[in-house]
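One structure is given here, and the rest of the page talks about it.
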Amino acid sequence: MKKQGYALASLIFVSALTMIGAEEASAQDSNVYNYEDFEQTVSNTSEPTGEGTLQIGYTSSTPFEGTLNWAFYTLGPDADILSFFDESVFTFDENNQATNDGAIEYEVNEEDSTVTFTVKDGITWHDGEPFTIQDYVYSYEVIGHPDYVGVRGNTPGFTTIEGYNEYSAGDADEISGIEIIDDHTAVFTYTELSPSLTSGGFWFYAMPKHYYEGIAIEDMASAPETREHPIGIGPYMVESITPGEAVTFTKYEDYWRGEPQLDGIELVVTPSSTIANALENGDVHIAMNFPTTQYADVANMEGVEWLAQVEPIYDYIGFKYGEWDSENGTVDYKADEMKMGDVELRRAMWYALDNNAVGERFYNGLRWKASTLIPPSHPEFHNADIEVPSFDPEEANRILDEAGYEDVDGDGFRETPDGEPLQINFASMSGGDTAEPLANYYIQSWRGIGLDVSLIDGRLIEYNAFYDMLDSDHPDIDVFLAGWNIGTDVDQSALYGHDAPYNYIRYASEENTQLINEGSSSEALDIDYRIQVYNDWQELMVEEVVVIPTLYRSGVHPVSTDVVNYSVELGFNEDYHLYRWGLSE
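Numbers -27 to -1, 1 to 558, taken from mature numbering (1 follows the signal peptide of the UniProt record, and there is no 0), label the letters of the sequence shown in order.
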């Protein structure tokens, strides 16, 4: 085996990283930031004028499709736009626990495994019709219906309602565990109360039953009521939509919390290449999804202040272990047949990555090395004490040597322990300035330890095509780079459960299933028990190198100095709710 070849490759990838860093921003080494040093709330404490239009520049590499209904959307931009006009019926505190400050209050009865939901008085849809408990129940009936074509409804918040699975399978005409008492009240009976219910398990949103009357469920996602004239219960209502480009909102004067403090909001999709100029020129008051890679160059921009907060997101390297069995609705786990089935190969690939350097060079420290699959946005559950592989190419080479991966033919790349060629196909998404250099960095890191890794077809893959390939278990994919937003709840069933379509790695094990089930069990209503379960789960994921968590992240949020009552702090605070956003004199 020619270890000199691996050493040379290591020097090449270190040089590549240095060059990439220089390209990302000038003098990056002196521009490394920590999100904890930023404020979370604007400093302007003036009273809002009660008028004016807030201009928002929206930057995203993901297209704005315009499926503007919470039950049917699939992409992030649609969710962001939805949040302006159709709010969650629940609010959450800084620990991601549902409170009773939203449009619906709830009361849990542990003795009979029921939850009573009550709609507050005086709430109306944007067409003036009253918001009733039937609208909330309707959202469950639509999502659970056999004709539903969306991706929601397979989490315990749905499946543990008595009769839900029978209704979803088409064996019942109604969900037997839901009883409507009157226009304001309904009682849900669960087969088992789960702690996930109050930290994200309840469905957050209602659907206006009267508005979708006469529309077949399979047609709702494409109906004008969803794509052209959507309504909600939020402080602003949709005035016009320019598909893929812009949405104009006007204030809903009868909003239940109080009259909004702006005449309206105009959201315009803005390229990342021009968003900084739009801020500097005063064309936008707020830039959503501002590229962190640009921050160092514009940190001192006049008329703008910068807020930051840790996000419930992690990036990861995924490995393919099998396929999706659509007939049975489960993962077909067959790691022994897959290229990446050897845990020692995966472990070596983790040791080859310097994600601390990636966070500093690519993101100015506003992303940083990840360790486990529960990010620090959930401090009670994030286990920072778990030891994970650090950047150590020598250790990576040692692991591969001992596992029998040797360069048999002298071409500089290792073969399998059986002496067969090992060509690893890597899938990574296009979009943004860092996509290509970041993918190249990971490839060079693995080549630095003698692994023959290449991009599929030698190129990055467009967002939708990328996820289509994951959905369909495209046979060319061995390894991929992706990310997850875990939302409010640490329940892992939707991402790593054996029956989860979003389990794109197609991983399954008895211990994984057991821990996921324990984390959502009634025993886990004891918070200390639940914390221990997810500590054990995080340790399992690291021990088995099921995926490689690469980066945690914080967002930087530029806001013009004339904006008031705006904050990125965690948890509900009515002082900074959307209806209180405003402009000062």
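The beta-carbon is built from N, C-alpha and C at its ideal position, and this holds for glycine as well.
Boundaries (first-last residue) of the alpha helix (DSSP H) holding residue i
i, result
"Arg420", "Ala408 to Arg420"
"Ile153", "Unbroken run through Ile153 is the beta strand (DSSP E), Ile151 to Ile153; no alpha helix (DSSP H)."
"Phe90", "Phe90 -> not in any alpha helix (DSSP H); beta strand (DSSP E) instead, spanning Thr87 to Val92."
"Gly49", "Gly49 to Phe58"
Residue of the options minimising C-alpha distance to residue i
i, options, result
"Glu491", "Pro168, Trp279 and Phe131", "Pro168"
"Gly143", "Ser61, Ile151 and His118", "His118"
"Thr266", "Ser299, Gln282 and Asn337", "Asn337"
"Gln487", "Asp499, Asn476, Ser466 and Tyr477", "Ser466"
"Glu212", "Asn254, Glu201 and Glu310", "Glu201"
"residue 568", "Asn82, Asp120, Glu542 and Leu166", "Lying outside -27 to 558, the shown extent of the chain, residue 568 is not represented and no answer is given."
"Tyr225", "Val122, Arg387 and Leu235", "Leu235"
"Pro285", "Thr40, Asn69 and Trp98", "Asn69"
"His183", "Leu170, Gly205 and Thr164", "Gly205"
"Asp315", "Glu516, Glu198, Met193 and Leu428", "Glu516"
"Asp85", "Thr164, Ser350, Pro244 and Asp298", "Thr164"
"Asn458", "Gly130, Leu346 and Ser299", "Leu346"
"Ser401", "Glu368, Phe439, Leu318 and Val257", "Phe439"
"Val519", "Phe364, Pro264 and Tyr289", "Tyr289"
"Pro531", "Ser246, Ile154, Glu198 and Ala251", "Ala251"
"Gly392", "Tyr137, Ala481, Glu379 and Gly383", "Glu379"
"Glu239", "Gly25, Thr47 and Val110", "Gly25"
"Glu375", "Gly385, Thr389 and Asp384", "Thr389"
"Arg357", "Leu498, Tyr185 and Tyr507", "One detail in the question is off: residue 357 reads as Ala in this sequence, not Arg. Measuring from the Cα of Ala357, the nearest candidate turns out to be Tyr507."
"Asp156", "Lys93, Ser112, Ile188 and Tyr113", "Lys93"
"Asp499", "Val15, Glu484, Asn17 and Glu83", "Glu83"
"Val241", "Thr407, Val257, Gly231 and Asp227", "Val257"
"Tyr327", "Glu367, Ser540 and Asn437", "Checking the sequence, you will find Asp at residue 327 rather than Tyr. Among Glu367, Ser540 and Asn437, the Cα nearest to that of Asp327 is on Glu367."
Contact check, residue i vs residue j, beta carbons under 8 Å
i, j, result
"Gly555", "Pro21", "yes"
"Tyr294", "Gly456", "no"
"Asp425", "Leu454", "no"
"Val304", "Arg503", "no"
"Phe58", "Gly75", "no"
"Asp449", "Asn398", "yes"
"Pro362", "Trp323", "yes"
"Thr32", "Ile248", "yes"
"Leu433", "Glu409", "yes"
"Gly460", "Gly173", "yes"
"Lys312", "Asp451", "yes"
"Glu102", "Pro203", "no"
"Val220", "Leu170", "no"
"Ser495", "Leu166", "yes"
"Thr91", "Glu78", "yes"
"Ala330", "Gly421", "no"
"Met274", "Glu253", "yes"
"Gly95", "Trp229", "yes"
"Ser493", "Pro264", "no"
Range of the contiguous beta strand (DSSP E) that encloses residue i
i, result
"Arg526", "Val520 to Ser533"
"Ile238", "Gly237 to Val242"
"Thr199", "From DSSP, Thr199 is part of no beta strand (DSSP E) but of the alpha helix (DSSP H) over Pro197 to Arg200."
"Ile286", "Val277 to Phe292"
"Ser427", "Asp425 to Leu428"
"Asp305", "Thr303 to Tyr306"
"Ile29", "Thr26 to Tyr31"
"Trp297", "Gly295 to Asp298"
"Val81", "Ile77 to Asn82"
Cβ distance (whole Å) where residue i is taken to contact residue j below 8 Å
i, j, result
"Leu175", "Ile134", "In the sequence as displayed, the identity of residue 175 is Phe instead of Leu. Not quite, the Cβ-Cβ distance comes to about 11 Å (not below 8 Å), so this is no contact."
"Gln282", "Gln511", "Contact flag wrong, Cβ pair sits at about 22 Å."
"Ala44", "Arg125", "6 Å"
"Val463", "Phe354", "5 Å"
"Leu543", "Trp341", "Contact flag wrong, Cβ pair sits at about 18 Å."
"Arg320", "Ile372", "6 Å"
"Pro216", "Gly30", "With 8 Å as the limit, Pro216 and Gly30 do not qualify as a contact, their Cβ atoms being about 18 Å apart."
"Ser34", "Gly405", "5 Å"
"Arg526", "Asn538", "With 8 Å as the limit, Arg526 and Asn538 do not qualify as a contact, their Cβ atoms being about 26 Å apart."
"Pro522", "Ala272", "About 28 Å separates the two Cβ atoms, so there is no contact after all."
"Ala159", "Ile151", "6 Å"
Cutoff 8 Å: residue i Cβ touching any chain D Cβ
i, result
"Pro348", "Of the protein chains in the structure, only one exists, and it is not chain D."
Problem - Runs of beta strand (DSSP E) wholly within the stretch 322 to 395 (minimum 3 residues, chain order) - result: 340 to 342
In the stretch 443 to 530, which residue ranges form an unbroken beta strand (DSSP E) of at least 3 residues, counting only runs that do not cross its ends? 452 to 458
Length-filtered (3 minimum) beta strand (DSSP E) runs lying within the stretch 101 to 164
151 to 153 and 158 to 162
Problem - Segments assigned alpha helix (DSSP H), at least 4 residues, entirely inside the stretch 211 to 270 - result: 248 to 253
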